[in-house]
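Going by the numbering used here, 94 is the number at position 84 of the sequence shown; the sequence numbering is gapless.
Where a beta carbon is used, it is the ideal one built from N, C-alpha and C, also for glycine.
None of these values were measured; they are calculated from a predicted model.
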Amino acid sequence: MKLVELLEQPQTKAQRDRIISQITSQQKFDELMLVFAAGPYRVTQRAAWPLSYCVQRQPAFLNKHFATIAKMLEATVLADAIKRNLLRALQFVQIPIRYQGRIANCCFAFLTSNEPTAIKVFAMTVLANLANTNRELKNEIVLILESQLPFGSPGFVSRARKVLKQLR
């Protein structure tokens, strides 16, 4: 079955796993990214979930696609599922220097806005990973997390404490 046909079917864990099992090479991942970036909207949403799991298994698959990822994250209108899964994928990779600023800006925007908890926790993890090689980010991340801790959900507080411990 073709990838697009799989993505047009109802989304379940079993379906996600079927899609992941077909992504066995860079070429197959490139096809998934093409479908993900080109749409239509429903297919893009359904491709986001398996995409993040493919990157978790094989981070190098994402190396050719940072420009696309940065452009999508910078979009003013982006579904929460897409943001969440893009950020989830980014936590597993080393982001090239040329994209770090753009992606960091997006993560700071997500972290300081009224986004769902999952988006915020993945954004803070991506930022913490960037701070490992870009120390000037560290203080800004710490200030933001400390200011939001008293008002955060349990999931936010848990991840923020781990990130703060990592950064200190």
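- Within the stretch 76–104, the runs of alpha helix (DSSP H) that reach at least 4 residues and sit entirely inside it are, in chain order, 76–84 and 90–100.
- The C-alpha of Glu18 lies about 42 Å from the C-alpha of Ser157.
- The beta carbons of Gln110 and Leu140 sit closer together than 8 Å.
- Nearest in C-alpha terms to Phe132, of all of Ser62, Gln36, Ile30 and Phe76, is Ser62.
- Counting along the chain, no alpha helix (DSSP H) covers Arg145, and no H or E run does either.
- Assigned with DSSP and collapsed to three states, Ile33 falls in coil, not helix or strand.
- Taking C-alpha positions only, Asp40 is separated from Asn149 by approximately 36 Å.
- Within its own chain, the residues whose Cβ lies closer than 8 Å to the Cβ of Ala91, once the five positions on either side in sequence are excluded, are Gln55, Ala58 and Trp59, listed in chain order.
- Looking only at Thr22, Leu13, Lys23 and Gly49, the smallest Cα-Cα distance to Ile33 is reached by Leu13.
- When C-alpha distances from Phe76 are compared across Ala99, Gln66 and Arg94, the shortest belongs to Ala99.
- Take Pro106, set aside five residues on each side of it, and the residues of its chain with a beta-carbon closer than 7 Å to its own are Phe76, in chain order.
- At the C-beta level, Ile154 and Thr122 come within 8 Å of one another.
- DSSP places Lys175 in the uninterrupted alpha helix (DSSP H) bounded by Pro164 to Leu177.
- Judged by DSSP in its simplified three-state form, Pro106 adopts coil rather than helix or strand.
- The C-alpha of Leu44 is placed about 21 Å away from the C-alpha of Gln104.
- Taking the C-beta atoms as reference points, Ile30 is found nearer than 8 Å to Cys64.
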